[in-house]
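Start counting the sequence shown at 17; every next residue gets the next number (this note's numbering). We put the beta carbon where it would ideally sit given N, CA and C, even for glycine.
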Amino acid sequence: TFFKGVFSLPPAHYLSYEKGKLTIKRYWKPEFSADAEVGFEESVEMIGKVMEESVKAHKISDVEVGSYLSSGIDSSYIACLGDVDKTFTVGFAHEKYNEITYATEFSKVSGVKNYNKLISADEFFDEVGQIMYAMDEPLADPACIPLYFLGREAAKQVKVVLSGEGADEFFGGYNIYLEPLDTAWYDKIPYPV
Numbered sequence: 017t018f019f020k021g022v023f024s025l026p027p028a029h030y031l032s033y034e035k036g037k038l039t040i041k042r043y044w045k046p047e048f049s050a051d052a053e054v055g056f057e058e059s060v061e062m063i064g065k066v067m068e069e070s071v072k073a074h075k076i077s078d079v080e081v082g083s084y085l086s087s088g089i090d091s092s093y094i095a096c097l098g099d100v101d102k103t104f105t106v107g108f109a110h111e112k113y114n115e116i117t118y119a120t121e122f123s124k125v126s127g128v129k130n131y132n133k134l135i136s137a138d139e140f141f142d143e144v145g146q147i148m149y150a151m152d153e154p155l156a157d158p159a160c161i162p163l164y165f166l167g168r169e170a171a172k173q174v175k176v177v178l179s180g181e182g183a184d185e186f187f188g189g190y191n192i193y194l195e196p197l198d199t200a201w202y203d204k205i206p207y208p209v
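The structure is reproduced here in structure tokens:
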């Protein structure tokens with residue numbers, strides 16, 4: 017972490033401290049089976065079912081649940097599955113990084129109220145130090161910045177939010193995943209060259 021003497025647990029591990037003894041144990045390990053052959057339609061159905069179950073489980077709350085909403089499929093899908101009354105969006109002055117227009121259009125079609133805020137460049141840079149402090153550890157993902165502002169805005173109205181975070185990792189939604197295909201020609205250059 018950023019802090020001397022403070023360390024993170026490995027993924028899927030828990031820590032217990034009892035009678036002066038520290039124990040770290042793994043509680044989950046992913047298991048993949050290359051033998052399973054599932055067709056496209058069956059995969060779509062299975063993913064849909066898992067998504068519905070996951071959102072239903074995450075909506076168990078004694079307070080109102082909202083949802084983050086970007087311009088992506090992931091958060092739109094989660095907001096619809098969650099059947100929430102409020103969605104939250106932030107945008108930035110540069111049009112490329114402003115998803116408010118899409119979120120507003122989506123909210124009109126879906127009938128869900130969207131609360132949004134345009135973050136100024138000054139506000140952005142004023143908060144970077146606080147955002148890094150709150151991260152606890154180095155993170156090279158610039159999405160942490162809009163997520164900070166999203167959390168701050170949503171917290172004004174709800175205590176629990178659903179999010180589409182993680183879908184790009186799971187479904188290969190980042191452009192960087194195409195890099196091996198884009199640079200395949202490089203592997204064909206003779207080693208001495």
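From the DSSP output, read off the bridge partner residues of residue i.
i: TYR33; result: LEU38
i: LYS133; result: VAL106
i: GLY82; result: VAL177
i: ASP191; result: Looking at the sequence shown, residue 191 is not Asp but Asn. The partner list for ASN191 (beta bridge, DSSP) is empty, contrary to what the question assumes.
Express the C-alpha separation of residue j and residue i in angstroms, rounding to a whole number.
i: LEU25; j: PHE19; result: 14 Å
i: GLY88; j: VAL174; result: 22 Å
i: GLY180; j: SER91; result: 4 Å
i: TYR84; j: ASP203; result: 41 Å
i: TYR42; j: TYR207; result: Rather than Tyr, the amino acid found at residue 42 in this sequence is Arg. Each residue's alpha carbon lies about 43 Å from the other.
i: ASP51; j: ILE116; result: 44 Å
i: THR120; j: ASN130; result: 6 Å
i: VAL100; j: GLY182; result: 20 Å
i: VAL66; j: GLU53; result: 18 Å
i: ALA109; j: LEU97; result: 30 Å
i: GLU185; j: VAL60; result: 17 Å
i: LEU31; j: ALA150; result: 22 Å
Mind reading off the beta-carbon distance from residue i to residue j? Whole number of angstroms is fine, and I expect it under 8 Å.
i: GLY107; j: LEU134; result: 5 Å
i: VAL71; j: ILE94; result: 6 Å
i: PHE104; j: VAL177; result: 7 Å
Going by CA-CA distance only, name the one from the options that's closest to residue i.
i: PHE140; options: ALA119, LEU163, TYR131 and ALA156; result: LEU163
i: HIS29; options: ALA183, LYS45, GLY21 and THR17; result: LYS45
i: ALA170; options: GLY188, VAL81, TYR190 and GLY55; result: VAL81
i: LYS172; options: ILE161, ILE63, GLU195 and LYS102; result: LYS102
i: ILE192; options: PHE165, ASP157, VAL209 and ALA73; result: ASP157
Once the 5 residues before and after residue i are set aside, which same chain residues still bring their CB inside 7 Å of it?
i: PRO57; result: Per the sequence shown, residue 57 should be read as Glu rather than Pro. If we look at GLU57 and ignore the five residues flanking it on each side, it has no Cβ neighbours.
Quick one: what's got a C-beta closer than 8 Å to residue i's C-beta in the same chain, skipping five residues either side?
i: ASN114; result: GLY107, PHE108 and LEU134
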